[in-house]
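There are 2 protein chains.
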Amino acid sequence: MTITLYYLDNSRAMRVLWAAIELGLADQLQVKSYARVEGKKAVPEMQKESGFKLGKSPFLIDDDGQGGRVEVFESVACIEYLHDRYGSQSSLLPASPAWSQKSRVQSWLAFCETPMTHALPIIYLRWHMPESQASLLAEMEDKLSANVCKDLDLYEDAILASEKEHGAENGYLAGGQISLADLANAFTAEYIIVKKVGTANRTWPAVERWLKRLEARPAYRKALEMGGLHDFSLLDLERQSHA
Amino acid sequence: MTITLYYLDNSRAMRVLWAAIELGLADQLQVKSYARVEGKKAVPEMQKESGFKLGKSPFLIDDDGQGGRVEVFESVACIEYLHDRYGSQSSLLPASPAWSQKSRVQSWLAFCETPMTHALPIIYLRWHMPESQASLLAEMEDKLSANVCKDLDLYEDAILASEKEHGAENGYLAGGQISLADLANAFTAEYIIVKKVGTANRTWPAVERWLKRLEARPAYRKALEMGGLHDFSLLDLERQSHA
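Protein chains in written order, with the numbering used here: chain E, 1 to 243; chain P, 1001 to 1243.
And the structure:
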């Protein structure tokens, strides 16, 4: 049995690949990586070869065990599918009826696109604003940064509270151990911090500690090897700046 | 047993309220509605009374059946929680091992924020761009509309294909019957069409037929009665324009 993952460079596909490896699926995965044109759109081959009309990544293809085909799009749905089908032994999502813990993980899992919703308008502005409007761009970025900073504050508070309750090395988003919530939100936090999108020159030390703990995991490092480009790792950034 | 839903006017809380009613939970729901300040931020009372630090809506509080408290944020997580806990008899999400059908519903469910990610930058521009920059705003809106239109095209194709396969009255996003995917994405499509955000003067007839089918459902109409403001119903818009 092979699960095929269409992986666009520097995309949310990293969330899915990392989750798959954490779930012990590395040997069953076939990863097809694709480049971006000028750092933006996917090369047209991805849409053609995946057959997914929107041409987006991640896109996952699996067989359903009954001769049929499973197609999953959107990174959160891909993660949920992999856990649902192959993760019965995993502790990455608490099982019913631990409703309080389970809904906490699922809330944070769903949250992973919220800071992106606040950060991407800034990216789109940078792409599309005429060069002559540099001061207007700066002014708009400033206004749009407020919500991004609020979201990062929410991460910071959650990690700090968790480090306090569970020990310095066990601060995760939804409690004292890693969950699907961390795998999904790490991409968001890395992206925003490394690209400095809406960060208003602020830093979030607990978020950085949390990211570095996550990035040191063998499954994360293996995902970097197996997948396409992922230019947002804080650990790699540190290495480059010391080189 | 009471489930409390914090409902901000004209927000994604509509998704959750509607889903709760479809799941037969109307009598167990306590809905607390809050206004927006100048059509934007929530009144400060909502954050204070809900105790949810980010002050966002929807926010759901339930008891866990063991003397503990369940707190859920993000509309998709709220919907999943309600279905997971109270929807075992519902057909709104196919059960395992119908992986192909289940992952289709979950992909579309996760997709519900994707068009918002493309539409909200336009809303933020409208809020924050200086009035003197009207022509630049129009130019930027034009550029940002491409992705919104692509997303709406994806809805249109899915509904058309489903109407063709399952009959004119049974065209839903993830197959021939209503699912959680429709409940979540209706808000997105209503919002974009009614506010004309990134629509580039185009129309999507199958999407409009689908929305009107959904809005005619007793549970949707009941949600309009029980919740706060929801100014995006196409049926109500039609009534107003005929009045």
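All C-beta atoms in this analysis are idealised placements derived from N, C-alpha and C, irrespective of residue type, glycine included.
The structure presented is a predicted model; accordingly, all values stated were derived computationally and were not measured.
Residue range of the unbroken alpha helix (DSSP H) whose run includes residue i
i, result
"P/L1109", "1099-1111"
"E/L136", "134-166"
"E/P130", "E/P130 -> no alpha helix (DSSP H), and no H or E assigned at all."
"E/R217", "Careful: E/R217 lies outside any alpha helix (DSSP H) and carries neither H nor E."
"P/Q1240", "1234-1242"
Element boundaries [beta strand (DSSP E), containing residue i]
i, result
"P/F1073", "1069-1073"
"P/S1033", "1029-1034"
Neighbour flag for residue i against chain E, beta carbons, 9 Å
i, result
"P/F1073", "yes"
"P/A969", "This structure cannot speak to residue 969 of chain P, because chain P is shown only from 1001 to 1243."
"P/K1040", "no"
"P/L1180", "no"
"P/R1202", "no"
"P/R1085", "yes"
Where residue i meets chain P, residues with beta-carbon distance less than 7 Å
i, result
"E/M116", "T1117"
"E/H230", "Correct list: empty, because the minimum Cβ distance to chain P is about 20 Å."
"E/L92", "Going along chain P, no residue has its Cβ under 7 Å from E/L92, so there is no contact; the nearest lies around 16 Å."
"E/A110", "E1074, V1076, A1077"
Within chain E, partners of residue i - CB distance below 8 Å
i, result
"P/V1043", "The contacting residues do not exist; P/V1043 stays about 17 Å from chain E at best."
Listed by chain order, chain E residues near residue i by CB distance under 9 Å
i, result
"P/R1069", "S100"
"P/M1140", "Y124, L125, H128, M129"
"P/L1025", "Residues of chain E passing the Cβ test: none, with the nearest at roughly 15 Å."
"P/K1053", "D153, L154, D157"
Any C-beta of chain P under 9 Å from that of residue i
i, result
"E/D236", "no"
"E/S11", "no"
"E/E22", "no"
"E/E113", "yes"
"E/K150", "yes"
"E/S103", "yes"
"E/L120", "yes"
Under 9 Å from the C-beta of residue i: neighbouring residues of chain P
i, result
"E/G65", "P1097, W1099"
"E/L136", "M1129, P1130, Q1133, L1136"
"E/S162", "Those within 9 Å of E/S162 in chain P number zero; the least Cβ separation is about 14 Å."
"E/A217", "Per the sequence shown, the amino acid found at residue 217 of chain E is Arg instead of Ala. Chain P residues near E/R217: none, gap ~24 Å exceeds 9 Å."
Cβ of residue i within 9 Å of any chain C Cβ
i, result
"E/K143", "Note that chain C does not occur in the displayed structure, where the protein chains are E and P."
Partner residues on chain E for residue i, Cβ-Cβ distance less than 7 Å
i, result
"P/Q1106", "A77, E80, Y81"
Practice prompt. Jot down the residue ranges of each uninterrupted alpha helix (DSSP H) in the region 1180-1209 of chain P, minimum 4 residues, whole runs only, in chain order.
Written response: 1180-1195
Worksheet entry | Whole runs of the alpha helix (DSSP H) within the region 8-59 of chain E, excluding any shorter than 4 residues | 13-22, 44-50
Worksheet entry | the region 90-110 of chain E / the region 1122-1138 of chain P touching (three or more Cβ pairs under 8 Å) | no
Worksheet item: Okay, do the region 1058-1066 of chain P and the region 1075-1088 of chain P touch, 3+ Cβ pairs below 8 Å being the bar?
Response: yes
Worksheet item: Are the region 177-185 of chain E and the region 18-27 of chain E touching, with three or more C-beta to C-beta distances below 8 Å?
Response: yes
Worksheet item: Does the region 1202-1222 of chain P come close enough to the region 216-235 of chain E to have 3 or more Cβ pairs within less than 8 Å?
Response: no
Item to complete: Would you check if the region 1112-1123 of chain P and the region 1148-1161 of chain P touch, i.e. whether three or more CB-CB distances between them fall below 8 Å?
Response: yes
Discussion item. Count Cβ pairs between the region 80-96 of chain E and the region 22-32 of chain E that sit closer than 8 Å; are there 3 or more?
Written reply: yes
Item to complete: May I ask you to verify whether the region 1032-1046 of chain P touches the region 1108-1115 of chain P, counting CB pairs closer than 8 Å and requiring at least 3?
Response: no
Worksheet item: Three or more beta-carbon pairs under 8 Å between the region 1209-1223 of chain P and the region 1157-1174 of chain P, yes or no?
Response: yes
Worksheet item: For the region 1007-1017 of chain P against the region 1218-1227 of chain P, are there 3 or more C-beta pairs whose distance is under 8 Å?
Response: yes
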